[in-house]
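This report concerns only the one structure given below.
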Amino acid sequence: KAGVTQTPRYLIKTRGQQVTLSCSPISGHRSVSWYQQTPGQGLQFLFEYFSETQRNKGNFPGRFSGRQFSNSRSEMNVSTLELGDSALYLCASSAGTGYYRFFGPGTRLTVL
Amino acid sequence: QQPVQSPQAVILREGEDAVINCSSSKALYSVHWYRQKHGEAPVFLMILLKGGEQKGHEKISASFNEKKQQSSLYLTASQLSYSGTYFCGTEVMGTSYDKVIFGPGTSLSVIP
Chain A
1 KAGVTQTPRY LIKTRGQQVT LSCSPISGHR SVSWYQQTPG QGLQFLFEYF SETQRNKGNF
61 PGRFSGRQFS NSRSEMNVST LELGDSALYL CASSAGTGYY RFFGPGTRLT VL
Chain B
1001 QQPVQSPQAV ILREGEDAVI NCSSSKALYS VHWYRQKHGE APVFLMILLK GGEQKGHEKI
1061 SASFNEKKQQ SSLYLTASQL SYSGTYFCGT EVMGTSYDKV IFGPGTSLSV IP
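In order, the protein sequences belong to chains A and B.
Our numbering numbers the first residue of the first sequence as 1 and each following residue consecutively.
Our numbering numbers the first residue of the second sequence as 1001 and each following residue consecutively.
Right under this line is the structure:
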């Protein structure tokens, strides 16, 4: 099976801009989770989608949003970028509850 | 809700053993263990479910004490390839299935 793919791999944006990141899960996986990873904060949970529905949400401001399409591909959007949004954004797919996550390679976002 | 991991960091010589611990204040449905090498995505090692089921790599062993909400990852006869940051992730019973929250990580360095 092909792994989890994320695009783009690298992004450089300036403060105030918005960005959209994409994640394609492993074929057959319907659950997609997003995480923000920074050196000081570890892996922070953003949200989780299953069958186009957001089932779980982390403690991030409303500038962070996401969606999932009928083919399970997911996007996350960050509006009005701040310097502190610079991070590695990881998505992980799974077959559901009680199954492990497969992580994608991540998108490295740099906000200048 | 974030699980607690200990130790924060450990240095081993090849062939030595190590134990990494993870604990939660909430009743858990599952505990996940991942290893992340520098510049790479986290890789699945083991998942332990309430009720005793375990899925993972043959060479990895772990335990889950459901009464204490504690899990331990056992690394025996360590190899240089074991170096990396180990994360435990937890799913809380009842309200947060498929919301895997990760601990801060344990940095493991294996030296010759």
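We put the beta carbon where it would ideally sit given N, CA and C, even for glycine.
Opening and closing residue of the beta strand (DSSP E) in which residue i lies
{"i": "A/I12", "result": "Y10 to K13"}
{"i": "A/R67", "result": "F64 to Q68"}
{"i": "B/Y1034", "result": "L1028 to Q1036"}
{"i": "B/Y1086", "result": "G1084 to V1092"}
{"i": "A/N77", "result": "S74 to V78"}
{"i": "A/E48", "result": "G42 to F50"}
{"i": "B/Q1001", "result": "Neither: B/Q1001 is in no beta strand (DSSP E) and is coded neither H nor E."}
{"i": "B/S1081", "result": "Taken as a continuous stretch (DSSP letters only), B/S1081 belongs to no beta strand (DSSP E), as it is neither H nor E."}
{"i": "B/G1056", "result": "Q1054 to G1056"}
{"i": "B/N1065", "result": "S1061 to N1065"}
Between the CA atoms of residue j and residue i - distance to the nearest angstrom
{"i": "A/S114", "j": "A/A2", "result": "No information on residue 114 of chain A is available, as it lies outside the stretch 1 to 112 that chain A covers here."}
{"i": "A/Q18", "j": "A/C91", "result": "19 Å"}
{"i": "B/I1111", "j": "B/E1016", "result": "10 Å"}
{"i": "A/P39", "j": "B/T1085", "result": "12 Å"}
{"i": "A/Y49", "j": "A/S70", "result": "11 Å"}
{"i": "A/F64", "j": "A/T97", "result": "24 Å"}
{"i": "B/A1018", "j": "B/L1012", "result": "8 Å"}
{"i": "B/L1028", "j": "B/T1090", "result": "7 Å"}
{"i": "A/R15", "j": "A/Y35", "result": "21 Å"}
{"i": "A/A87", "j": "A/Q37", "result": "6 Å"}
{"i": "B/Q1008", "j": "B/C1088", "result": "12 Å"}
{"i": "B/S1024", "j": "B/S1071", "result": "9 Å"}
{"i": "A/T20", "j": "B/A1077", "result": "44 Å"}
{"i": "A/S94", "j": "A/L11", "result": "26 Å"}
{"i": "B/G1039", "j": "A/Y89", "result": "13 Å"}
{"i": "B/I1060", "j": "A/F45", "result": "25 Å"}
Interface partners of residue i on chain B, CB under 7 Å
{"i": "A/S31", "result": "D1098"}
{"i": "A/F103", "result": "A1041 and P1042"}
{"i": "A/E48", "result": "D1098 and K1099"}
{"i": "A/R9", "result": "Simply none; closest approach about 11 Å."}
{"i": "A/R55", "result": "D1098"}
Beta-carbon contacts of residue i that lie in its chain and below 6 Å, excluding the five residues immediately before and after
{"i": "B/L1073", "result": "I1020, W1033 and A1062"}
{"i": "A/Q54", "result": "F47"}
{"i": "A/E52", "result": "Q68"}
{"i": "A/L83", "result": "V111"}
8 Å Cβ cut-off: residues of chain A touching residue i
{"i": "B/I1047", "result": "G98, Y99 and Y100"}
{"i": "B/F1064", "result": "Near B/F1064 there are no residues of chain A at all, since even the closest Cβ is about 13 Å away, more than 8 Å."}
{"i": "B/H1032", "result": "Y100 and R101"}
Cβ-Cβ separation, residue j to residue i (assumed contact under 8 Å), whole Å
{"i": "B/F1102", "j": "A/G42", "result": "6 Å"}
{"i": "B/L1048", "j": "B/F1064", "result": "4 Å"}
{"i": "B/Q1069", "j": "B/K1026", "result": "7 Å"}
{"i": "B/T1106", "j": "B/V1010", "result": "7 Å"}
Beta-carbon neighbours of residue i, restricted to chain A and to distances below 7 Å
{"i": "B/H1038", "result": "Chain A residues near B/H1038: none, gap ~11 Å exceeds 7 Å."}
Closer than 7 Å at the beta carbon, the chain E residues around residue i
{"i": "B/G1105", "result": "Chain labels in this structure do not include chain E; the protein chains are A and B."}
Neighbour list for residue i in chain B, Cβ cutoff strictly below 9 Å
{"i": "A/L90", "result": "A1041 and P1042"}
Where residue i meets chain A, residues with beta-carbon distance less than 9 Å
{"i": "B/K1118", "result": "No answer is possible for residue 1118 of chain B: it lies beyond the span of chain B, which begins at 1001 and ends at 1112."}
Chain B contact residues for residue i, given Cβ-Cβ distances below 8 Å
{"i": "A/G106", "result": "A1041"}
{"i": "A/F45", "result": "K1099, V1100, I1101 and F1102"}
Residues near residue i in its chain [Cβ-Cβ closer than 7 Å; skip 5 each side]
{"i": "B/S1006", "result": "N1021"}
Any non-hydrogen atom of the ligand FMN closer than 7 Å to residue i Cβ
{"i": "B/E1053", "result": "The ligand FMN is not part of the structure shown, which contains no ligands of any sort."}
Same chain only: Cβ atoms within 8 Å of residue i, ignoring 5 sequence neighbours per side
{"i": "B/S1083", "result": "K1037, L1108, S1109 and V1110"}
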